[in-house]
Each structure stands twice: as C-alpha cells, then as structure tokens.
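Novice:
Protein chains: 2
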Amino acid sequence: MADPARLSINQATTREQHSLAEAITAYAEAGVTGISIWRDKLAECGLDEAVHMIKDHGLRVSGLCRAGQFPAADAKERQARIDDNLEAVDQAVALGADCLIVVAGGLPEGSKDISGARQMIRDGLGAVLPHARAAGMAVAIEPLHPMYAAERCAINTLSQALDLCDELGEGIGVAVDVYHVWWDPDLESQINRAADRILAYHVCDWLVPTTDLLLDRGMMGDGVIDIPLISKWVDGTGYDGLIEAEIFSAKNWWKRSSEEVIRTCRERIVTAV
Amino acid sequence: MADPARLSINQATTREQHSLAEAITAYAEAGVTGISIWRDKLAECGLDEAVHMIKDHGLRVSGLCRAGQFPAADAKERQARIDDNLEAVDQAVALGADCLIVVAGGLPEGSKDISGARQMIRDGLGAVLPHARAAGMAVAIEPLHPMYAAERCAINTLSQALDLCDELGEGIGVAVDVYHVWWDPDLESQINRAADRILAYHVCDWLVPTTDLLLDRGMMGDGVIDIPLISKWVDGTGYDGLIEAEIFSAKNWWKRSSEEVIRTCRERIVTAV
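Residue numbers (my numbering), protein chains in the order written: chain X, 11 to 283; chain S, 11 to 283.
1) Residues of chain X with a CB under 7 Å from the CB of A160/S: which are they?
2) Counting only C-beta atoms, is P195/X closer than 8 Å to chain S at any point?
3) Inspect the beta-carbon positions of M157/X and M230/S and report whether they are closer than 8 Å.
4) Can you pull the chain S neighbours of L223/X, defined as C-beta to C-beta under 9 Å?
5) Using the beta-carbon count (16 or more within 10 Å), is E87/S buried or exposed?
6) For V283/S, does the three-state DSSP call read helix, strand or coil?
7) For the putative contact between A107/S and L74/S, defined by C-beta atoms under 8 Å, what is the C-beta separation to the nearest angstrom?
8) Beta-carbon within less than 6 Å of V137/X's beta-carbon, same chain only, minus the 5 sequence neighbours each way: which residues are those?
9) N166/X versus chain S: which residues are under 9 Å apart at the beta carbon?
10) Output yes or no for whether 8 Å exceeds the beta carbon distance between G116/S and A159/S.
11) From the DSSP output, read off the bridge partner residues of L285/X.
12) Does L117/S get closer than 8 Å to chain X when you measure Cβ to Cβ?
13) Do you know whose CA, among A33/X, S268/X and E277/X, lies nearest H67/X's CA?
14) Going by DSSP, what residues sit across from C163/X in a beta bridge?
15) Of the choices G228/S, I64/S and K242/S, whose alpha-carbon is the least far from that of A36/S?
16) Is DSSP giving S267/X helix, strand or coil here?
17) Between the alpha carbons of K242/X and N202/X, how many angstroms are there, rounded?
18) Does any residue of chain S bring its CB to less than 8 Å from the CB of K353/X?
19) Any beta-carbon of chain X closer than 8 Å to the one on Q170/S?
20) Could you check whether A83/S and P118/S sit closer than 8 Å to each other, using their CB atoms as the reference points?
21) On the criterion of 16 or more Cβ atoms from any shown chain inside 10 Å, does E256/X qualify as buried, or is it exposed?
22) Under a Cβ-count criterion, where at least 16 other Cβ atoms within 10 Å of its own Cβ denotes burial, should G233/S be classed as buried or exposed?
23) State the start and end residues of the unbroken alpha helix (DSSP H) segment that holds S199/X.
24) Whole angstroms is fine: what's the gap from R25/S's alpha carbon to A205/X's?
25) So what does DSSP say about C55/S, is it helix, strand or coil?
26) On the three-state DSSP scale, how would you describe S46/S?
27) Taking the straight line between their C-alpha atoms, what separation do you get for D13/S and D94/X?
28) In whole angstroms, what is the alpha-carbon distance linking D133/S and C109/S?
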C-alpha cells in the first residue's frame, strides 16, 4: 500500500547476484528509485566510479551500510574503528546518501561486559559526530534484534537508540527496520517518540519458522510482521523518505534471478508494505 | 559462586538421555537438590508415580514446565488452552512445585496481530489465576527472548511481564532466565522492580556463534552472559530459591552421558553462576 516511487533496494538483497555496478544498472533499469550501498561492494567498485554511476542512472542513495562496530578490546583498535567511521562519513557525503547507517557493534572478543560495550558505542559515536555534523551527513543508529547483541550490535531496542540520540544531541537519528523491532511492545510509542529522527525505514519479513539467525529473512508479505501497521506509525511521524527492502536470504532470494527479486520488491511494496 | 545446594536441573537438560523416572533417580543420586519437570515427560510417567518418586528421593520441584500457550485462532481452542492450564495448576500442586512456569504463546496460525495475541495472553492468565490462587500455586510468567515472539511467546521482556503482573494482581510473578533477558539494557532495573515476584531463576549461556534459534544453548560459563552479575542482581532482591540449569543443546549436551551433564552443572553453578 506504499507508493512504489518510495522503493529503495538495499544491495544486500541481491548480494550474491550483483556487483555494485551491476546493481546500480539493474535497479535503475527496473525503475527503482533508490539503492542502499554496502561498503565492501563500494570498495570493489571504487568510490569515484560509484559516484559517477549513481549520478548517471539518477538513483537516490537511501543509505550507506555500514559504519559502527565501535567496541574493541584495546584503545588502538577502538581508534581504528573510529577512523573507519570518519572515512565512511566522507564516502556517504560523496555518494549523496540520505544517511550513514551505524550498526554499533557487539561484545569485544573474550568480553562478557555488555554494559562496557555500550559505553564504547557511546564514546565512539561521540568521536564521530562532530565530523558528521560538519560534513552535513546524518548518522542513523540502527537498533538490531536482541539475537544480535553478542556479535553485531548491543543497541537492541528503539528506546535504547533514542536514549543515545538524546544524549548525543544534533545530527544523529535512527534507522527503523521492521525485522529488528516488530516484536517490541513499546514500538508504537517509541516510533512516536522518534518523530523527525527517523532517518531510514527498512522492510523485510520474519519467517515462521526462521532457520538461521542471520540469513533467513523473508520477502515482505511472506512472514508474520504486520508491516502496513508499522508503516502507518512511521508515516504518522511525517517520515516521507524512501522505504528500503533489505533481505538477507541465502537459501531463497539470493538464489533467484535479480530480475525476479527486483520485480517482487516492486510488487510487494504496494501489496505488503 | 552460587551455593551448590541451590542447584536444580531442568529435566530438558537431559531430555534425550532420560525418562522422568530416570532423571529423578539420576539427579537425586548425584546429590542435586531440585528438578524441574516437563509435562510431556510427566504424562509418560504418570502423575501418581512421579509424586511418589519425588517424595521417595527427597527432591524439590523448582517448577512445572509448562503452562501458557494461550493465543489461538478461535474461542473454542482458547478455552481448551485455558482448561489445559487449569489441569497444569493441579499437577503442579500435586508435585509440590515451587511454581508453574507459563510460556505464554505466540501468534495464532495465520495471524500477524501480535497485540491481539498479547490480549489473549492477558485474558487467558486472568481466567487461570483464580484457580491457581485458590490452590496456592504461584504462576510464573517467563518472558522469552524476542526471537521467540512469533512462535512461542509474545511476552518478551521482563518489563512487559511485570506490567502483566501489575495488571493481574496477586498470585503471579516472573521466571528470570538469563538466556532470554541478558541483552536487555533495562535488566538490572527490572529485576529490582520485580523484587519478591521472582519465582524462579534459570541459567544457561549464550554461545558465540549460536547456530540454532532453539536448541543451541550453552552450559554456564561457555558463552558470553555475565551470569554472576545477573545472579547478584537476582540475589539482591532477596531471592533465595533454587537456581535451575536449563540447557537445550541438541548437538552437544544432549549427546553426552547424563553423568557428565549433571557433574558439569554441579561444577559450573559454583564456578560460573
């Protein structure tokens, strides 16, 4: 039920099918409005070439994935992560991205101190934000599902992400991904609280059963998330940006043709989002 | 660091090795204080025989698993679930269990209405509680990890469980399982809020990586949960009940000898809890 002109496709959705150059061409030729770019694919393509192709094809970049990963066992490595985030800010600016997506990072190797990891995340974001503000690049914290707390991201609810935003001030907001937050009993109230700090809205679906913690996401409409309800809440805040389909699906969508994946995303954003 | 006399073993920890009768014998002979019983194993054994054996072996029953599963697609099935819960209350009383563990249930078949499922859970608990109060059986809501929201339990944080307790009144509390709640940024404050409503405390560990959503739990000390810290918070409320090891582990602990599993639980409650 969403406007198909709002569709962006996260390139991870066709990660196994396409290089970045191929994804840009395929999405644009299919009439998709936006793309979200991953930095490993960007490195293969080269930043200048990617910027050139994005402009040529008239695509909008809904986000650059991903910065973050702040917690590390020692100060030197933590600084290296911060430096990497500063570079990511510059890449996002060059690409004209709507925001830089931050997946904050989990426990350092050998650590059981999740509270300490969260402190490192706060400190890391604090070190990156001045540059992001000066560069005019919005930083979007993406709370990840609690099942990723150990390895990927110790920011696990929208409430927690917004508390961080409150603490850190201007220039930082949130990315709302239905996969990560659909279960949260406070979701509606926290989306309302986020208000104009929603910088990105990601969709896919939770499959029943889910057979892999990371790579078994569903296409919108194939799972149990009431996506139209969440979209209504997000739209209710005034968010009118792109809606990004991000589907990690090793056993299903990554094995299909890019044409079918893109066509299905275009259909489902109307019928299931 | 916990007193080994507080150890209870949930019989699911040796589910593949033992019938209920065998588990009772094995745990008691190893000097374990308590057992938590599953109703499918209880049905195989027979309630009278189980009651008899528990008394004979001097075991304490830390909980009966499990009641709940309230949401269903139609009123007839919802009533059947309530009736089953009423029977579970009587079984728990007969066994002298410390509490009846409620795993509330997820989405009914075909439903995407998690809010509606939560309403059914509230209504179901409300229908069971008068009988439980009259029978003197404490009902323990166990919030399950958000990755189980769709299929098993739509009560996913301690905060949400305590809100339900607040609403439903006397005779109901919570079971705190580190596996389900360790990631929660509000955990310490919600444990404090729970106070004397903590009816059960379950331990195991979160493995990195976790390869299965349901059956890849770790032995205490083998994962990334700071269990002693959570134990300190739980003990700080005045909870001095049993500490129950509950480890679903298809690839590891279920394949070892019962003797090794029990011995390791006895060691780890001292060194890792």
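Here a beta-carbon is modelled for each residue, glycine too, at the ideal position from N, C-alpha and C. All values derive from a computational prediction rather than experimental measurement.
Specialist: Working from what's here:
1) For the purposes of this step, residue 160/S is taken as residue 150 along the second sequence, with counting starting at 1. In chain order: W216, V218 and V234.
2) Counted from its first residue, the first sequence places residue 195/X at position 185. Taking Cβ atoms only, chain S reaches closer than 8 Å to P195/X, which makes this a yes.
3) Start at 1 with the first residue of the first sequence, and residue 157/X comes out as number 147. Start at 1 with the first residue of the second sequence, and residue 230/S comes out as number 220. No.
4) For the purposes of this step, residue 223/X is taken as the residue at position 213 of the first sequence. By Cβ distance, chain S contributes M157, P219, T220, T221, D222 and L223.
5) As a working mapping, residue 87/S is identified with position 77 in the second sequence. Answer is exposed; the Cβ neighbour count stays below 16.
6) Within the second sequence, residue 283/S is the residue found at index 273, counting from 1. Three-state DSSP puts V283/S in coil, outside helix and strand.
7) Indexing the second sequence from 1 puts residue 107/S at position 97. Indexing the second sequence from 1 puts residue 74/S at position 64. Indeed, because the Cβ distance is near 5 Å, the residues count as touching under 8 Å.
8) Locating residue 137/X in the first sequence gives position 127, where the first residue counts as 1. For the record, residue 137/X in the displayed sequence is Ala; it is not Val. So the list reads I92, once near-sequence residues are dropped.
9) Here residue 166/X refers to the residue found at position 156 when the first sequence is read from its first residue. Simply P156, W193, D194 and P195.
10) Indexing the second sequence from 1 puts residue 116/S at position 106. Indexing the second sequence from 1 puts residue 159/S at position 149. Their beta carbons are under 8 Å apart, which means G116/S touches A159/S by this criterion.
11) Residue 285/X lies beyond the residue range present for chain X, which begins at 11 and ends at 283; the question has no answer from this structure.
12) In the second sequence, counting from the first residue as 1, residue 117/S sits at position 107. So yes, L117/S belongs to the interface.
13) Locating residue 67/X in the first sequence gives position 57, counting from the first residue. Selected option, being the one with the closest Cα: A33/X.
14) The residue given as residue 163/X occupies position 153 in the first sequence. According to DSSP, C163/X bridges with G115/X.
15) Position 26 of the second sequence holds residue 36/S. Of G228/S, I64/S and K242/S, the residue nearest in Cα terms is I64/S.
16) In the first sequence, the residue the question calls residue 267/X occupies position 257. Residue state, collapsed to three classes: coil.
17) Position 232 of the first sequence, counted from the start, is the residue given in the question as residue 242/X. Position 192 of the first sequence, counted from the start, is the residue given in the question as residue 202/X. Using only the alpha carbons, I get a separation of about 11 Å.
18) Shown here, chain X extends from 11 to 283; a query on residue 353/X therefore has no answer.
19) Translated into positions along the second sequence, residue 170/S becomes position 160. True, the Cβ-Cβ gap to chain X drops below 8 Å.
20) Position 108 of the second sequence, counted from the start, is the residue given in the question as residue 118/S. Position 73 of the second sequence, counted from the start, is the residue given in the question as residue 83/S. Yes, Cβ-Cβ distance for P118/S and A83/S is below 8 Å.
21) By one-based count along the first sequence, residue 256/X stands at place 246. Buried is the call here.
22) The count along the second sequence starts at 1 and reaches residue 233/S at position 223. Under this definition G233/S is a buried residue.
23) Translated into positions along the first sequence, residue 199/X becomes position 189. Looking at the DSSP string, the run of the alpha helix (DSSP H) that includes S199/X is L197 to A204.
24) Looking up residue 25/S in the second sequence gives position 15. Looking up residue 205/X in the first sequence gives position 195. When rounded, the distance between both Cα atoms is 48 Å.
25) The residue you call residue 55/S lines up with position 45 of the second sequence. Note: C55/S maps to helix in three-state DSSP.
26) In the second sequence, counting from the first residue as 1, residue 46/S sits at position 36. In the structure shown, S46/S sits in a strand (DSSP, three-state: E or B).
27) Looking up residue 13/S in the second sequence gives position 3. Looking up residue 94/X in the first sequence gives position 84. Between D13/S and D94/X, the C-alpha separation is close to 47 Å.
28) Against the second sequence, residue 133/S aligns to sequence position 123. Against the second sequence, residue 109/S aligns to sequence position 99. Their backbone Cα atoms lie some 20 Å apart in a straight line.
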